[in-house]
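Trainee: Got a structure here, written out as C-alpha cells. Questions coming.
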Amino acid sequence: MISTRKLTKDFVVSRTDTVHAVRGISLDVEPGELVAVLGPNGAGKTTTLRMLTTLIAPTSGTATVAGYDVTTDPGRVRRQIGYVGQGNGAGHSQRVTDELSGQGVIYGLDRRAAKRRAEELLESLELKDLAQRKVSDLSGGQRRRLDVAMGLVHAPGLLFLDEPSTGLDPQNRANLWDHILRMREQYSMTIVLTTHYLDEADSMAERVVVVDHGEVIADDTADALKAKLAGDQLIVTAAPGNLPELARLAEKLLGAREVVADCDRLSLRVADGPAALPELIGSAQQYAVPVATAQVIRPTLDDVFLNLTGRTLREADSTGKAAA
Ligand SMILES: Nc1ncnc2c1ncn2[C@@H]1O[C@H](COP(=O)(O)OP(=O)(O)OP(=O)(O)O)[C@@H](O)[C@H]1O
Numbered sequence: 001m002i003s004t005r006k007l008t009k010d011f012v013v014s015r016t017d018t019v020h021a022v023r024g025i026s027l028d029v030e031p032g033e034l035v036a037v038l039g040p041n042g043a044g045k046t047t048t049l050r051m052l053t054t055l056i057a058p059t060s061g062t063a064t065v066a067g068y069d070v071t072t073d074p075g076r077v078r079r080q081i082g083y084v085g086q087g088n089g090a091g092h093s094q095r096v097t098d099e100l101s102g103q104g105v106i107y108g109l110d111r112r113a114a115k116r117r118a119e120e121l122l123e124s125l126e127l128k129d130l131a132q133r134k135v136s137d138l139s140g141g142q143r144r145r146l147d148v149a150m151g152l153v154h155a156p157g158l159l160f161l162d163e164p165s166t167g168l169d170p171q172n173r174a175n176l177w178d179h180i181l182r183m184r185e186q187y188s189m190t191i192v193l194t195t196h197y198l199d200e201a202d203s204m205a206e207r208v209v210v211v212d213h214g215e216v217i218a219d220d221t222a223d224a225l226k227a228k229l230a231g232d233q234l235i236v237t238a239a240p241g242n243l244p245e246l247a248r249l250a251e252k253l254l255g256a257r258e259v260v261a262d263c264d265r266l267s268l269r270v271a272d273g274p275a276a277l278p279e280l281i282g283s284a285q286q287y288a289v290p291v292a293t294a295q296v297i298r299p300t301l302d303d304v305f306l307n308l309t310g311r312t313l314r315e316a317d318s319t320g321k322a323a324a
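Going by UniProt numbering, 82 is the number at position 82 of the sequence shown; the sequence numbering is gapless.
Given below as C-alpha cells:
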C-alpha cells in the first residue's frame, strides 16, 4: 500500500541553515495494516505524512502510495487517500452536513452521491443529530470526528491521521478511537497515524514505527519492540544479608542483565519475566535463600524509546506538548 525508499526532506531555512527533517526513511505498509508512527516533537512525523499525502515534495528518495508515485502522479495518489491533518480542516460558518457533502463534491462525487455519503458518515460517526449545526458550534471531540468524516468522504482505501486525538480529553479520545476502529472494519481501510500518546500506539496499532531525528529507529509490533528492546523487569525483595546470594542466582538466569541490588531490593531485566521469575524463585529455594516479595513489571514503549535513544519520550519532547 505504501513503499518508501530513502525518503528525505530538507528545509532550507536560510543561506546557512538547513533542517534535515526526514533523513532517508524506507518503509513498507501492507494493505489493511494499522500503523502508528511514534516519536517526539520535531522527529519528522508530520513531514513524512505530508510527503506521502503529496502536500510537499520529497528532496530525494521515492515513495509509492496506493500504487502511484507521489512525485510523478500526485493527483492519482490524492484520489486514493484520505488525510486528516493536525489543524481543523473544516470551515467555521457552514453547517456540518453542507461542509461534508461539499467536500464530497470537491472529490468528484455528484451532489446526490455526496449527500448520501455525508449522511452515511454522519450516522457512523454519531454526528447525525448535529448535521444542521454550524461547524463553529461543535465541541473539540465533535469537530475531530467531523475532520475524520471529511477524510473519508470519498471512501479512500488508505487513511492518514496526523495526531487524531491530541487535545481531546480521555473520554473523547476513547470515543474517537471507537469510531476510527469501526470505520476501519466497515471500509477495510489501511490506516497510518502519528501520535504522541504511547498508550494509544501500544493498544491500538498492530505495528509501531518509532521515528527520531528524521530516521526510523524501530519498526515492529509493540509487544515485539518491548520484548526485544526493553525486556521485562523483575523486582525481588529479601533480607539485605540475602541479596548478594540472590544477585548471584539472578546473574545465572538466561539473558539476565542490569542486575542491581539495592538495600533489600534486587532488580534485573530479562526477555520473558513470567518465565524467569519462577526459575529465580526455584533456585532461591534450592539454595535456601528466603524471598520476601517478587513481581514482574512489563515495559512500556517509553522504556523502548529510552533504550534506543537514552532519553524518554517525555524528555525528548521539546515543545512542551503532553506525551502520555
Ligand atoms: N516548513 C518548514 N520549514 C522549516 N522547517 C520545518 C518545516 N516543517 C517542519 N520543519 C522542521 O522539520 C522538523 C520535523 O518537523 P515535523 O513537523 O515533521 O515533526 P513532527 O515529528 O511531526 O513533530 P510534532 O510531533 O511536533 O508534530 C522540525 O525540526 C521542524 O521544525
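Idealized CB from N, CA, C, for every residue including glycine. Bear in mind that the values here come from a model prediction, so they are computed numbers and not experimental data.
#1: Below 8 Å CB to CB, which residues in the same chain sit around leucine 225 once its five sequence neighbours on both sides are set aside?
#2: Pull up the distance between the alpha-carbon of threonine 221 and that of leucine 308, whole angstroms please.
#3: Whole angstroms are fine: how far does the CA of arginine 314 sit from the CA of leucine 38?
#4: For the beta strand (DSSP E) holding histidine 20, just list the boundary residues, first then last.
#5: Are lysine 159 and glycine 151 touching if we call contact CB-CB under 8 Å?
#6: Compute the distance between the beta-carbons of glutamate 215 and isoleucine 25, then report whether it is under 8 Å.
#7: Valine 153 and leucine 198: beta carbons closer than 8 Å?
#8: For the beta strand (DSSP E) that contains isoleucine 81, what are its first and last residues?
#9: What do you get for alanine 205, buried or exposed, if any count of 16 or more other CB atoms within 10 angstroms of its CB means buried?
#10: Glutamine 103: buried (16+ other C-beta within 10 angstroms of its C-beta) or exposed?
#11: Could you pull out every residue in the same chain whose Cβ sits closer than 7 Å to the Cβ of leucine 161, ignoring the five residues on either side in sequence?
#12: Measure from the alpha carbon of valine 236 to the alpha carbon of each residue in Asp10, Leu266, Glu123, then state which is nearest.
#13: Of all the options Thr53, Val148, Pro278, which has the alpha carbon lying nearest to the alpha carbon of valine 65?
#14: Can you name the residues that DSSP bridges to valine 216?
Mentor: So, from the data block:
#1: When the five nearest sequence neighbours on each side are left out, the beta carbons in the same chain lying within less than 8 Å of the beta carbon of leucine 225 are those of Val208, Val210, Ala218, Leu301, Val304, in order along the chain.
#2: Roughly 16 Å between the two C-alpha positions.
#3: In this model, leucine 38 and arginine 314 are separated by some 12 Å (Cα to Cα).
#4: Counting along the chain, the beta strand (DSSP E) containing histidine 20 begins and ends at 18-29.
#5: Note on residue identity: the sequence assigns leucine, not lysine, to residue 159. Taking C-beta atoms as the reference points, leucine 159 and glycine 151 count as a pair closer than 8 Å.
#6: Cβ distance < 8 Å, so glutamate 215 and isoleucine 25 count as in contact.
#7: No, Cβ-Cβ distance for valine 153 and leucine 198 is not below 8 Å.
#8: Judged by DSSP secondary structure, isoleucine 81 falls within the beta strand (DSSP E) whose first and last residues are 81-84.
#9: Alanine 205 should be labelled buried.
#10: By the Cβ-count criterion, glutamine 103 is buried, with 16 or more other Cβ atoms from all chains shown falling within 10 Å of its own Cβ.
#11: Val84, Ile191, Leu193.
#12: Cα-wise, what sits closest to valine 236 is Leu266.
#13: Nearest neighbour of valine 65 by Cα position, chosen from Thr53, Val148, Pro278, turns out to be Thr53.
#14: Partner(s): Val211.
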